[in-house]
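**Student:**
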Amino acid sequence: MKHARVACFGAIHDAVEKDGQIELLDGRVVSEDEVVWLPPIEPRTTFVLALNYSDHAGELAFKAPEEPLVFLKGANAFIGHNAQTRRPADVTYMHYECELAVVIGKKAKNVKHEDAYDYVKGYTIANDYALRDYLENYYRPNLRVKNRDTCTPLGPWFVDAADIEDPMNLKLRTYVNGELKQEGTTKDMIFDIPFLIEYLSSFMTLDENDIILTGTPKGTVDVVAGDEVITEVEGLGQLKNTIVGDEVFSIKSNPVYSAVK
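In the numbering used here, the protein residues as written are 33 to 293.
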């Protein structure tokens, strides 16, 4: 089943997909244009994999890692489907990263590789934008690269684990203004999902709604204000958002505000 969190009628609702529309848990059915999409999961700890596809590592002229390169992401970075992502005016290179997001379903500690999928609640799509101007070193990314507000769209749907037959064989694609720019498959991950759950749970406890962003394949290109970016993962749907500039976030640049002043 596909699950979502949306805002409409003055409240936040859990919902499911029904015949191409959105059914709120109170029974009302609404269309996509009647709601504001929120991230389908409220993330607890979010683990992010750097360079988990060898072709992407090569694209960046980095050697593929011999053990996972993991960093953490704050909750304020996440936004929902159809939202806007800010590109700061001083940035010269900003790119999307289409990723399979794995959602943990229960407390996990010292999980064995063969039992790892028992701890997965389901999956969603993440677009983990990188502002590469701020890259510091191989053990990237630092906070300014990957933890900026609005820079991690998530959704639109959260899909139950039982509905995804093989999460290690899903196609990933990214379209910029309707043009295919990135294409890959989860089978090309360096460290697969069971490995990552075993690895992370070996030194810390994972909890329900922790999220693992599993990395991105090659094909990342610069995006600028006005671009529409769609990231797609097979079986999970399409996640759309738009790049905007600093002026959208500055009330003093708004002509309505200026007229009132």
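The C-beta atom is built at its ideal place from N, Cα and C for all residues, glycine as well. Nothing here was measured: the structure is a model prediction, and the numbers come from that model.
If we ignore side chains and look at the alpha-carbon of each, how far apart do H45 and E98 end up?
**Tutor:** Numbered from its first residue, the sequence shown carries residue 45 at position 13. Numbered from its first residue, the sequence shown carries residue 98 at position 66. C-alpha separation (whole angstroms): 43 Å.
**Student:** Check this for me: beta carbons of I136 and D242, under 8 Å apart or not?
**Tutor:** By 1-based counting over the sequence shown, the position of residue 136 is 104. By 1-based counting over the sequence shown, the position of residue 242 is 210. Their beta carbons are under 8 Å apart, which means I136 touches D242 by this criterion.
**Student:** Could you round the C-beta distance between E197 and Y161 to whole angstroms and report it? I think they count as a contact, below 8 Å.
**Tutor:** Here residue 197 corresponds to residue number 165 of the sequence shown, with the count starting at 1. Here residue 161 corresponds to residue number 129 of the sequence shown, with the count starting at 1. Actually they are not in contact, since the Cβ atoms of E197 and Y161 sit about 30 Å apart, beyond 8 Å.
**Student:** If you reduce the DSSP assignment to three classes, tell me which class A162 lands in.
**Tutor:** For the purposes of this step, residue 162 is identified with residue 130 of the sequence shown, where counting begins at 1. Three-state DSSP puts A162 in a strand.
**Student:** Which one or two residues does DSSP pair with N273 in a beta bridge?
**Tutor:** As a working note, residue 273 is residue 241 in the sequence shown. V261.
**Student:** Mind checking which residues open and close the beta strand (DSSP E) that includes L212?
**Tutor:** For this step, residue 212 is matched to residue 180 along the sequence shown. Segment 211 to 217, the beta strand (DSSP E) holding L212.
**Student:** Between the segment 111 to 127 and the segment 179 to 187, can you find at least three pairs of beta-carbon atoms closer than 8 Å?
**Tutor:** The segment 179 to 187, when compared against the segment 111 to 127, does touch it at the 8 Å Cβ threshold.
**Student:** Please determine, among G59, T78, V276, the residue with the shortest C-alpha to C-alpha distance to T237.
**Tutor:** Numbered from 1 along the sequence shown, position 205 holds the residue referred to as residue 237. Ranking G59, T78, V276 by Cα distance to T237 puts T78 first.
**Student:** Can you tell me where the beta strand (DSSP E) with E66 in it begins and where it stops?
**Tutor:** The count along the sequence shown starts at 1 and reaches residue 66 at position 34. From DSSP, E66 is part of no beta strand (DSSP E); its letter is neither H nor E.
**Student:** Rounding to the nearest angstrom, what Cα-Cα distance links L202 and G59 in this structure?
**Tutor:** As a working mapping, residue 202 is identified with position 170 in the sequence shown. As a working mapping, residue 59 is identified with position 27 in the sequence shown. Cα-Cα distance, rounded: 32 Å.
**Student:** Checking the sheet assignment: what are the DSSP bridge partners for V256?
**Tutor:** As a working note, residue 256 is residue 224 in the sequence shown. DSSP, once it has assigned bridges, lists no residue as partnering V256.
**Student:** Name the DSSP beta bridge partners of A148, please?
**Tutor:** Mapped onto the sequence shown, residue 148 falls at position 116. Answer by DSSP bridge pairing: none, since A148 is not bridged.
**Student:** Is the Cβ-Cβ distance between L70 and A82 less than 8 Å?
**Tutor:** In the sequence shown, the residue the question calls residue 70 occupies position 38. In the sequence shown, the residue the question calls residue 82 occupies position 50. Their beta carbons are not under 8 Å apart, which means L70 does not touch A82 by this criterion.
**Student:** Under 8 Å, do Q116 and N273 count as touching if we go by C-beta distance?
**Tutor:** Against the sequence shown, residue 116 aligns to sequence position 84. Against the sequence shown, residue 273 aligns to sequence position 241. Yes, they are a contact pair.
**Student:** Tell me the DSSP secondary structure of E115 in three-state form.
**Tutor:** Sequence index remark: in the sequence shown, residue 115 carries index 83 (1-based). Looking at the sequence itself, residue 115 is Ala, so the reference to Glu does not match. Coil at A115, not helix or strand.
**Student:** My guess is that G216 and P249 are in contact by the Cβ rule of under 8 Å, so how many angstroms apart are they, rounded?
**Tutor:** Start at 1 with the first residue of the sequence shown, and residue 216 comes out as number 184. Start at 1 with the first residue of the sequence shown, and residue 249 comes out as number 217. Indeed they touch by this definition, with Cβ atoms about 3 Å apart.
**Student:** Hey, would you say E264 sits closer than 8 Å to L204, going by beta carbons?
**Tutor:** Residue mapping note: residue 264 aligns to position 232 of the sequence shown, counting from 1. Residue mapping note: residue 204 aligns to position 172 of the sequence shown, counting from 1. Cβ atoms of E264 and L204: closer than 8 Å.
**Student:** Quick one: what's got a C-beta closer than 6 Å to K34's C-beta in the same chain, skipping five residues either side?
**Tutor:** Within the sequence shown, the letter at position 2 stands for residue 34. Excluding sequence neighbours, K34 sits near E49, W189, V191.
**Student:** What are the residues that DSSP puts in a beta bridge with P199?
**Tutor:** Stepping through the sequence shown from its first residue, residue 199 is reached at position 167. P199 pairs with nothing; no bridge assigned.
**Student:** Does the distance from the C-beta atom of I275 to that of V253 stay below 8 Å?
**Tutor:** As a position in the sequence shown, residue 275 is number 243, starting the count at 1. As a position in the sequence shown, residue 253 is number 221, starting the count at 1. The answer is no: Cβ separation not under 8 Å.
**Student:** Return the first residue and the last residue of the alpha helix (DSSP H) that R176 is part of.
**Tutor:** As a working note, residue 176 is residue 144 in the sequence shown. 175 to 178 is the extent of the alpha helix (DSSP H) around R176.
**Student:** DSSP state of A89, grouped into three classes?
**Tutor:** Stepping through the sequence shown from its first residue, residue 89 is reached at position 57. For A89, the predicted model reports a pLDDT of 49, less than 50, meaning its position is unreliable; a value from the coordinates is still stated below. The answer is helix: DSSP assigns A89 an H, G or I state.
**Student:** For the alpha helix (DSSP H) that contains I73, what are its first and last residues?
**Tutor:** The count along the sequence shown starts at 1 and reaches residue 73 at position 41. Note, I73: premise wrong, no alpha helix (DSSP H); not H, not E.
**Student:** Please work out which residues of its chain come closer than 6 Å, Cβ to Cβ, to V68, disregarding the five sequence neighbours upstream and downstream, and give them in chain order.
**Tutor:** In the sequence shown, counting from the first residue as 1, residue 68 sits at position 36. Correct list, in chain order: A39.
**Student:** Just mark A89 as buried or exposed, buried being the case when its beta carbon has 16 or more other beta carbons within 10 Å.
**Tutor:** Translated into the one-based positions of the sequence shown, residue 89 becomes position 57. At A89, the pLDDT of 49 sits below 50, so the modelled position is not reliable; the number obtained from the coordinates is stated separately. A89 should be labelled buried.
**Student:** Exposed or buried, which one is V61 when buried takes at least 16 other CB atoms within 10 Å?
**Tutor:** Here residue 61 corresponds to residue number 29 of the sequence shown, with the count starting at 1. By the neighbour-count rule (16 or more Cβ atoms within 10 Å), V61 is not buried but exposed.
**Student:** So, with DSSP's three-state summary, where would you put V280?
**Tutor:** Residue 280 sits at position 248 when you count from the first residue of the sequence shown. Helix at V280.
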